[in-house]
Amino acid sequence: MPKPIYKSSGIVYSTNPDFKLQKVEEELLSVDPSQQAIKIKLQKKHRAGKVVTLLEGYMGSNGDKVNLCKKLKTFCGTGGSFKDGEIIIQGDQRDKVLSWLLQNGYDRSKKVI
Numbered sequence: 000m001p002k003p004i005y006k007s008s009g010i011v012y013s014t015n016p017d018f019k020l021q022k023v024e025e026e027l028l029s030v031d032p033s034q035q036a037i038k039i040k041l042q043k044k045h046r047a048g049k050v051v052t053l054l055e056g057y058m059g060s061n062g063d064k065v066n067l068c069k070k071l072k073t074f075c076g077t078g079g080s081f082k083d084g085e086i087i088i089q090g091d092q093r094d095k096v097l098s099w100l101l102q103n104g105y106d107r108s109k110k111v112i
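So the sequence shown is numbered by numbering that gives the first Met the number 0: it starts at 0 and just counts up by one.
Listed below in structure tokens is the structure:
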């Protein structure tokens, strides 16, 4: 379970006995899979000639993105990671990723491949 993030406004110490840090709520909520517009791309730029499948445009919390990344890696039987808002799956896995997304309620009409 992730630790809550507190907003301190730069305050390190306060003599006010009633002072409390404010919790920062996670801004992105989970979006229904049928409302997602995910782009599936093949890329080999800046990867030493190796090919990866990128998923961009997923709307949701970082925890949701990491969870989706784990499920896709397991389904494809390959490695990958989540960096800079992109889900990265090793190899040319576009067909497998698309079939998994369609099986799990993601709408094809929202996708740009």
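In this text, a Cβ means the ideal position worked out from N, Cα and C, and glycines have one as well. In this text the structure is predicted, and so the values were computed from the model without any measurement.
By a C-beta neighbour count over all protein chains shown, 10 Å radius and 16 as the cutoff for buried, is residue i buried or exposed?
i     : result
GLY79 : buried
TYR57 : buried
LEU54 : buried
LEU67 : buried
LEU41 : exposed
Would you kindly work out how many angstroms separate the C-alpha atoms of residue i and residue j, rounded to a whole number?
i      : j     : result
GLY104 : SER60 : 18 Å
LYS38  : LEU97 : 10 Å
ALA47  : ASP31 : 36 Å
VAL50  : PHE74 : 18 Å
ASP91  : GLN34 : 25 Å
LYS19  : THR77 : 46 Å
VAL65  : GLY84 : 10 Å
TRP99  : LYS69 : 12 Å
TYR116 : HIS45 : Given that the chain is displayed from residue 0 to residue 112, the structure contains no residue 116 and the question cannot be resolved.
Alpha carbons only, please: which of the options is nearest the one belonging to residue i?
i      : options                        : result
LEU71  : GLY56, MET58, ASP83 and THR52  : THR52
ILE86  : ASP17, ASP63, ARG107 and SER29 : ASP63
ILE88  : VAL30, LYS19, LYS43 and ASP31  : LYS43
ASP94  : ARG107, SER29, HIS45 and SER13 : ARG107
LEU101 : LYS82, HIS45 and ALA36         : ALA36
Please go through the segment 52 to 81 and give each complete alpha helix (DSSP H) segment of 4 or more residues, from N-terminal end onward. 61 to 75
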